[in-house]
Amino acid sequence: MEREDQELVALLLGGDQQAFAELVERHQRAVYNLTYRMLGESREAEDAAQEAFLRAYQHIDRYDPERSFKTWLLSITSNYCIDRIRKRRLTWLSLDEPLTPHPALNSQEGKPEEEALGNERDAAVHAMLNQLAPDYRAAVILRYWYDMSYLEIAEMLDTTESAIKSRLFRARQMLAEEARTGHVPGMAVAMEGA
Amino acid sequence: MAHDSYLLMISQSFDEILPEEDQEVLFDHMRSCAMCAATWTRMNALDRVLSAQIEVMPPLDFTASVMMRVSTYQERRKWYPWMVATLIVLSLLAGISLLAPTLFFSLGLYRTAATWPAVGRAVAAVAVGFADLVRVASFLMDALLDWLSLLSHDPVTLGVVVAALVSVSTYIGLRETLKATSTSEAFSQQSA
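One line per chain: the protein sequences are U and G, in this order. Residue numbers for the first sequence follow this note's numbering, beginning at 1 and rising by one. Residue numbers for the second sequence follow this note's numbering, beginning at 1001 and rising by one.
Here it is in structure tokens:
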């Protein structure tokens, strides 16, 4: 029978490293998808996801068993990604070089048409999300991919429900405006296909 | 009602938190407002694109990589108590080395210490050692100045020295390049 997350955390606090490996195995997809959506690049996403798990391990004694472990873990992950994007912007803003295209756009040769279209749509979504400030991006991702309520997102991002409501509204407004002006490559195609 | 309020209502309707009566107000407004209707259409398309995203899979060795990071972290953590102890000892030593001379002179302890024969001998030995050191340094400085003066007055010697330096640095550069090339070849052969 599958053990509860809280039970695994208790085992980990008792020194059982295998319990942590089981927690990683169980939540790796959720964490990896969040880092991938936030950062938009698979290698960086993998590194960030590993770092998020390491941070969870380091602060496991601060975990409140009354809360969902997954929510706590995703909260660490999203806040880490927000910090990472902010740091990355500080480093990159001074460069005038064009951004490298998403890897999905580089490797379409020999793939079925449907997969290529999926990659194109995926790249367009990343390009759309890249237009948003990191905390807006986190709110959109948690709302759409994790189907979280305003309250859950607010708790995760350490803010208020009304702030989340406002972030989602502003994010949608910005994205709709981008769609209207057609500044984001591939966005119009992605939205036509929807 | 201002347009922004309707736009907020549109956003809330996609999150399914807009009360039914407000929903009716919104749809009534959109029938007469082309701008809000167009925004609703765009946000609706956006909503569908974002909701239809597929899940990406982490690499197969993801758990192993995380556990490797955890074990590296634990290895490093083993040294923390030693690092803290070393820092404490170093801080204490720094404190003593700052405080001791200050107390020695401010409390007048040096007067008492000067009357001890052993201290007198130690001070004399230090003074002699210091004088020897100054003599050696001054000799080396004179030799260096003589050498520089010779170079500045004799172009042939200067040329010989510059040529020797250039040859030695070229030799070292070539040797390092050859070493780097052979390492990268061995690596690419291994990878192949």
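C-beta atoms are modelled at their ideal positions from N, C-alpha and C, and glycine is treated no differently.
Within 8 angstroms of any Cβ in chain G, is that where the Cβ of residue 72 (chain U) sits? Here residue 72 (chain U) refers to the residue found at position 72 when the first sequence is read from its first residue. Cβ-Cβ to chain G under 8 angstroms: no for residue 72 (chain U).
Identify each residue in the segment 1048-1079 of chain G for which the Cβ-Cβ distance to at least one residue of chain U is less than 8 angstroms, and report them in chain order.
-> Taking 8 angstroms as the upper bound on Cβ-Cβ separation, chain U lies near residues 1048, 1049, 1050, 1051, 1052, 1053, 1054, 1055, 1056, 1057, 1058, 1059, 1062, 1063, 1065, 1066, 1067, 1069, 1070 and 1073 of the segment 1048-1079 of chain G.
**Study point:** Residue-level contact to chain U via CB, residue 1043 (chain G), 8 angstroms cutoff
**Key:** Residue 1043 (chain G) sits at position 43 when you count from the first residue of the second sequence. So yes, residue 1043 (chain G) belongs to the interface.
Classify residue 148 (chain U) as helix, strand or coil using the three-state DSSP reduction.
Numbered from 1 along the first sequence, position 148 holds the residue referred to as residue 148 (chain U). It is coil, neither helix nor strand.
query: Given a threshold of 16 other Cβ atoms within 10 Å of its Cβ, counted over all protein chains shown, does residue 165 (chain U) qualify as buried or as exposed?
result: Position 165 of the first sequence, counted from the first residue, corresponds to residue 165 (chain U). Buried: at least 16 other Cβ atoms inside 10 Å.
> Helix, strand or coil: which one does DSSP assign to residue 1209 (chain G)?
Replying inline: For residue 1209 (chain G) there is no data in the structure shown, the boundaries of chain G being 1001 and 1192.
Q.
So, for residue 140 (chain U): in the same chain, excluding its five sequence neighbours on each side, which residues have a beta-carbon less than 6 angstroms away from its beta-carbon?
A. Residue 140 (chain U) sits at position 140 when you count from the first residue of the first sequence. So the list reads 171, once near-sequence residues are dropped.
Worksheet item: Smallest Cα separation from residue 15 (chain U): which of G:1034, G:1071, G:1076 and G:1003?
Response: Working through the first sequence from its first residue, we reach residue 15 (chain U) at position 15. Out of G:1034, G:1071, G:1076 and G:1003, G:1071 has the C-alpha closest to the C-alpha of residue 15 (chain U).
Three-state secondary structure assigned by DSSP to residue 1198 (chain G): The structure shown does not extend to residue 1198 (chain G), since chain G is modelled only from 1001 to 1192, so the question has no answer here.
Do we get a CB-CB distance below 8 angstroms when we pair residue 1022 (chain G) with the residues of chain U?
Start at 1 with the first residue of the second sequence, and residue 1022 (chain G) comes out as number 22. So no, residue 1022 (chain G) is outside the interface.
task = Report yes if the C-beta distance between residue 30 (chain U) and residue 84 (chain U) is below 8 angstroms; otherwise report no.
result = Mapped onto the first sequence, residue 30 (chain U) falls at position 30. Mapped onto the first sequence, residue 84 (chain U) falls at position 84. Taking 8 angstroms as the Cβ cut-off, residue 30 (chain U) and residue 84 (chain U) do not qualify as a contacting pair.
Item to complete: Give the C-beta separation of residue 142 (chain U) and residue 42 (chain U) to the nearest angstrom, bearing in mind that I take them to be a contact with Cβ-Cβ under 8 angstroms.
Response: Sequence index remark: in the first sequence, residue 142 (chain U) carries index 142 (1-based). Sequence index remark: in the first sequence, residue 42 (chain U) carries index 42 (1-based). At roughly 20 angstroms, the Cβ-Cβ gap does not stay under 8 angstroms, so residue 142 (chain U) and residue 42 (chain U) are not in contact.
*Verify the CB distance criterion: does residue 1013 (chain G) have a CB-CB separation below 8 angstroms to chain U?*
For this step, residue 1013 (chain G) is matched to residue 13 along the second sequence. Not an interface residue.
Please check if any C-beta of chain G sits within less than 8 angstroms of the C-beta of residue 179 (chain U). Here residue 179 (chain U) corresponds to residue number 179 of the first sequence, with the count starting at 1. By the rule that beta-carbons nearer than 8 angstroms mark a contact, residue 179 (chain U) touches chain G.
Fill in: Reduced DSSP secondary structure (H/G/I, E/B, other) of residue 1002 (chain G)
Taking the second sequence and counting its residues from 1, the one referred to as residue 1002 (chain G) is at position 2. Reduced to three states, the DSSP call for residue 1002 (chain G) is coil.
Next on the checklist: Rounded to whole angstroms, what is the Cα-Cα separation between residue 1188 (chain G) and residue 53 (chain U)?
Outcome noted: Indexing the second sequence from 1 puts residue 1188 (chain G) at position 188. Indexing the first sequence from 1 puts residue 53 (chain U) at position 53. Cα-Cα distance, rounded: 34 angstroms.
Item to complete: Using a Cβ cut-off of 8 angstroms (strictly closer), state whether residue 1018 (chain G) contacts chain U.
Response: In the second sequence, the residue the question calls residue 1018 (chain G) occupies position 18. Not closer than 8 angstroms to any Cβ of chain U, the Cβ of residue 1018 (chain G) fails to qualify, so no.
In three-state terms, what does DSSP make of residue 74 (chain U)? As a first step, residue 74 (chain U) is located in the first sequence; it is residue number 74 there, counting from the start. Residue 74 (chain U) falls in the helix class under three-state DSSP.
Of the choices G:1158, G:1172, G:1185 and G:1052, whose alpha-carbon is the least far from that of residue 122 (chain U)? To locate residue 122 (chain U), count along the first sequence from 1; it is residue 122. Measuring from the Cα of residue 122 (chain U), the nearest candidate turns out to be G:1052.
query: Between the segment 155-169 of chain U and the segment 1058-1073 of chain G, do at least 3 Cβ pairs fall closer than 8 angstroms?
result: Segments in contact, no.
Expressed to the nearest angstrom, what Euclidean distance is found between the alpha-carbon atoms of residue 177 (chain U) and residue 146 (chain U)?
Working through the first sequence from its first residue, we reach residue 177 (chain U) at position 177. Working through the first sequence from its first residue, we reach residue 146 (chain U) at position 146. The alpha-carbon of residue 177 (chain U) is positioned some 25 angstroms away from that of residue 146 (chain U).
Whole-angstrom distance between residue 1061 (chain G) and residue 19 (chain U), CA atom to CA atom: By one-based count along the first sequence, residue 19 (chain U) stands at place 19. By one-based count along the second sequence, residue 1061 (chain G) stands at place 61. Approximately 17 angstroms between the Cα atoms of the pair.
Is the segment 4-12 of chain U touching the segment 67-77 of chain U, taking contact as three or more C-beta pairs under 8 angstroms?
The answer is yes - the segment 67-77 of chain U touches the segment 4-12 of chain U, with three or more Cβ pairs under 8 angstroms.
| When you compare each of G:1162, G:1180, G:1155 and G:1046 to residue 179 (chain U) by their alpha carbons, which one comes out closest? | Reading the first sequence from its first residue, position 179 is the one you call residue 179 (chain U). Residue G:1046 holds the alpha-carbon nearest to the alpha-carbon of residue 179 (chain U) among G:1162, G:1180, G:1155 and G:1046.
Alpha-carbon to alpha-carbon, residue 1094 (chain G) and residue 1124 (chain G)
Looking up residue 1124 (chain G) in the second sequence gives position 124. Looking up residue 1094 (chain G) in the second sequence gives position 94. Each residue's CA atom was taken as its position, placing residue 1124 (chain G) and residue 1094 (chain G) some 27 angstroms apart.
Since residue 1058 (chain G) is in the alpha helix (DSSP H), which residue starts that stretch and which ends it? As a working mapping, residue 1058 (chain G) is identified with position 58 in the second sequence. Residue 1058 (chain G) -> no alpha helix (DSSP H), and no H or E assigned at all.
### Task
Assign residue 1003 (chain G) to buried or exposed, taking buried as 16 or more other Cβ atoms, counted over all protein chains shown, within 10 Å of its Cβ.
As a position in the second sequence, residue 1003 (chain G) is number 3, starting the count at 1. The residue in question, residue 1003 (chain G), is exposed, as its Cβ has fewer than 16 Cβ neighbours within 10 Å.
| So is residue 1145 (chain G) buried or exposed if we call it buried at 16+ other beta carbons inside 10 Å? | Position 145 of the second sequence, counted from the start, is the residue given in the question as residue 1145 (chain G). Classification for residue 1145 (chain G): exposed.
**Study point:** Within chain U, partners of residue 1007 (chain G) - CB distance below 8 angstroms
**Key:** Against the second sequence, residue 1007 (chain G) aligns to sequence position 7. Residues of chain U with a Cβ closer than 8 angstroms to the Cβ of residue 1007 (chain G) are, in chain order, 169 and 173.
DSSP state of residue 1145 (chain G) mapped onto helix, strand, coil:
The residue you call residue 1145 (chain G) lines up with position 145 of the second sequence. DSSP places residue 1145 (chain G) in helix when its eight states are reduced to three.
Open item on the list: Whole angstroms are fine: how far does the CA of residue 1160 (chain G) sit from the CA of residue 1153 (chain G)?
Closed with: For this step, residue 1153 (chain G) is matched to residue 153 along the second sequence. For this step, residue 1160 (chain G) is matched to residue 160 along the second sequence. If you draw a straight line from the Cα of residue 1153 (chain G) to the Cα of residue 1160 (chain G), it is about 13 angstroms long.
- In chain G, what lies closer than 9 angstroms to residue 140 (chain U) by C-beta? Taking the first sequence and counting its residues from 1, one reaches residue 140 (chain U) at position 140. Per Cβ cutoff of 9 angstroms: 1050.
**OP:** Kindly list, in the order they appear in chain U, the residues whose Cβ is closer than 7 angstroms to that of residue 1039 (chain G).
**Re:** Position 39 of the second sequence, counted from the first residue, corresponds to residue 1039 (chain G). Neighbourhood of residue 1039 (chain G) in chain U, by CB distance below 7 angstroms: 176, in chain order.
Which residue marks the beginning of the alpha helix (DSSP H) containing residue 58 (chain U), and which one marks its end? For the purposes of this step, residue 58 (chain U) is taken as the residue at position 58 of the first sequence. 42-58 is the span of the alpha helix (DSSP H), which, as asked, contains residue 58 (chain U).
- Task: Could you tell me whether the Cβ atoms of residue 1007 (chain G) and residue 173 (chain U) are closer together than 8 angstroms?
- Result: Taking the first residue of the second sequence as 1, we reach residue 1007 (chain G) at position 7. Taking the first residue of the first sequence as 1, we reach residue 173 (chain U) at position 173. Taking 8 angstroms as the Cβ cut-off, residue 1007 (chain G) and residue 173 (chain U) qualify as a contacting pair.
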